[in-house]
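Be aware that the sequence shown starts at 46, since it is given in my numbering, and climbs by one per residue.
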Amino acid sequence: MPARGYEIIGTGHHVPGEPVPNDRLARVMDTSDEWIFKRSGIRQRHYAGEGEGASDLGTKAARRAIEAARIDPAEIDYIVLATMTPDYVFPGSAALVGANLGIPGVPALDIRQQCGAMLFGYQIVDGLMKSGAARTVLFVGAEAHAGFMPWEDWDVVTGDATREVTAEARARADAHRSLAVLFGDGAGALVFRATDREAGLVKMKIHTDGRHAKALYVPGGGFRTRPYWKKDMFDEQAHIPRMDGRELFKFAVTKLPQAARAVCEEAGVGLGDVDLFLAHQANDRINEYVREQLGAPRERMPMNIDRFGNTSAGTVPILIDEVTRSGLLQKGQLNMILALGAGVHWGAALVRW
Ligand SMILES: CC(C)(COP(=O)(O)OP(=O)(O)OC[C@H]1O[C@@H](n2cnc3c(N)ncnc32)[C@H](O)[C@@H]1OP(=O)(O)O)[C@@H](O)C(=O)NCCC(=O)NCCS
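Encoded structure:
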């Protein structure tokens with residue numbers, strides 16, 4: 046029997062290791078705490094360790110969410126996992142999380158919408174619940190970006206080493222500094238369950254414009270080439286994403302307010318009816334601009350980019366976990382999820398909590 050509604054009954058998140066403050070990055074490239082904080086609002090981030098994948102971070106977050114939901118993992122009947130930094134080219138990391146949780150046989154779907162994942166994830170959960178295909182769904186957003194950071198001197202960045210890095214290594218990292226300072230690792234997980242209450246997705250406006258795919262993409266390691274990894278890829282730094290930061294910035298500050306207004310209009314509600322704006326955290330300045338455009342007071346758009354940086358698909362579920370545990374997020378609220386990610390995928394969703 047399809048559910049009348051569905052709600053989040055448990056949340057969790059996990060970030061690996063110790064926080065890495067901005068001045069640590071200044072040891073391996075030409076940057077500063079002042080520049081990073083002023084341009085992005087970021088003070089620190091976390092990095093996955095060598096050998097630690099998105100599935101490991103996602104499993105830890107999922108265990109916390111399952112514990113908070115007070116359910117047995119066996120009650121989960123579908124897993125949806127979002128990551129742009131999977132453990133392997135294939136299979137996807139969702140299957141690995143299912144195995145780690147000890148629930149083999151449960152269908153596990155990977156989605157690839159990068160920082161826009163929570164929106165698309167919500168729509169999938171909505172479909173699963175409303176079709177009656179699932180009653181308890183685990184959503185996980187997890188990222189291990191450390192593998193594309195443009196330095197090799199991890200002992201200087203995350204360890205105790207205080208040596209100078211070579212001029213060559215510094216120059217290599219400098220070429221990617223605007224990207225490297227933004228991203229951090231972590232995972233968030235949400236347990237959704239069918240309910241008789243009218244809760245869940247109210248309205249959604251999502252979009253994709255692949256004409257801008259190269260505004261943020263990884264040029265190397267794809268199956269357009271034979272073989273799909275080439276020896277000279279590393280010399281060309283082709284494993285490191287290329288990002289047009291300005292283009293994405295402009296895209297976000299234009300499209301997100303438009304999507305927010307459009308979804309409210311379709312739902313027949315005003316922006317003032319929205320309790321919380323749960324926005325992806327790519328840059329503090331982007332969210333500040335969007336918030337001002339929407340006329341929302343600061344306390345209605347919770348932020349955590351200062352502590353985690355941009356954790357891509359991990360961001361919105363981590364934020365949801367934090368505001369759930371702090372009590373800011375409450376049952377019955379009308380909240381808006383806002384996100385934009387490489388693809389470009391973006392949009393806004395109104396959710397009755
Ligand atoms: C990347 C971003 C922080 C750059 O901020 P910006 O204000 O646009 O900065 P610019 O790129 O114009 O660079 C300004 C200067 O700072 C320098 N700079 C870039 N990165 C730097 C860093 N990490 N440290 C110090 N200086 C840096 C640039 O080289 C440039 O120097 P110049 O003026 O001498 O040429 C910003 O564009 C952004 O956040 N874009 C969105 C990215 C995004 O959302 N990505 C994820 C999408 S989900």
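Glycine residues also receive a C-beta, built at the ideal position from the N, C-alpha and C atoms. Everything numeric in this text was worked out from a predicted model, so none of it was measured.
The beta carbon of Ala341 sits closer than 6 Å to the beta carbons of Phe322 from its chain, once the five residues preceding and following it are set aside; these are given in chain order. About 6 Å separates the CB atoms of Gly62 and Gly94; that is less than 8 Å, so the two are in contact. Cβ-Cβ distances below 8 Å link Val151 to Ile121, Asp122, Tyr123, Ile124 and Gly143 in the same chain, with the five nearest sequence neighbours on each side left out; the list follows chain order.
With contact defined as three or more Cβ pairs closer than 8 Å, the region 374 to 383 and the region 278 to 290 are not in contact. Residues Pro302 of the same chain have their beta carbon placed closer than 7 Å to that of Gln338, with the five preceding and five following residues left out of the count. Collapsing the DSSP output to three states places Val308 in a helix.
For the options Ile331, Thr203 and Gly267, the alpha carbon positioned closest to that of Gln89 is the one of Thr203. Distances from the CA of Asp241 to each of Asn328, Glu310, Leu146 and Arg180 were compared; the closest alpha carbon is that of Arg180. DSSP places Trp391 in the uninterrupted beta strand (DSSP E) bounded by His390 to Arg397. Short note on Leu164: C-beta not closer than 7 Å to any heavy atom of ligand 1. Boundaries of the alpha helix (DSSP H) around Phe353: Ile350 to Phe353. For Ala216, the enclosing alpha helix (DSSP H) covers residues Ala212 to Asp219. Not one heavy atom of ligand 1 lies closer than 7 Å to the C-beta of Phe193.
Exclusion of Ala394 from the 7 Å shell around ligand 1 follows from its C-beta lying no nearer than that to any non-hydrogen atom of the ligand. In this structure, the CA atom of Leu246 is about 50 Å from the CA atom of Val210. By the neighbour-count definition (other C-beta atoms within 10 Å, threshold 16), Tyr167 is a buried residue.
For Asn328, no beta strand (DSSP E) encloses it, and the DSSP letter there is neither H nor E.
In the assembly as shown, Met381 is a buried residue. Its beta-carbon has 16 or more other beta-carbons within 10 Å.
Per DSSP, reduced to three states, the secondary structure at Glu367 is helical. No heavy atom of ligand 1 is found nearer than 7 Å to the CB of Ala258.
Taking a 10 Å sphere around the C-beta of Asp230, we find 16 or more other C-beta atoms and assign the residue as buried.
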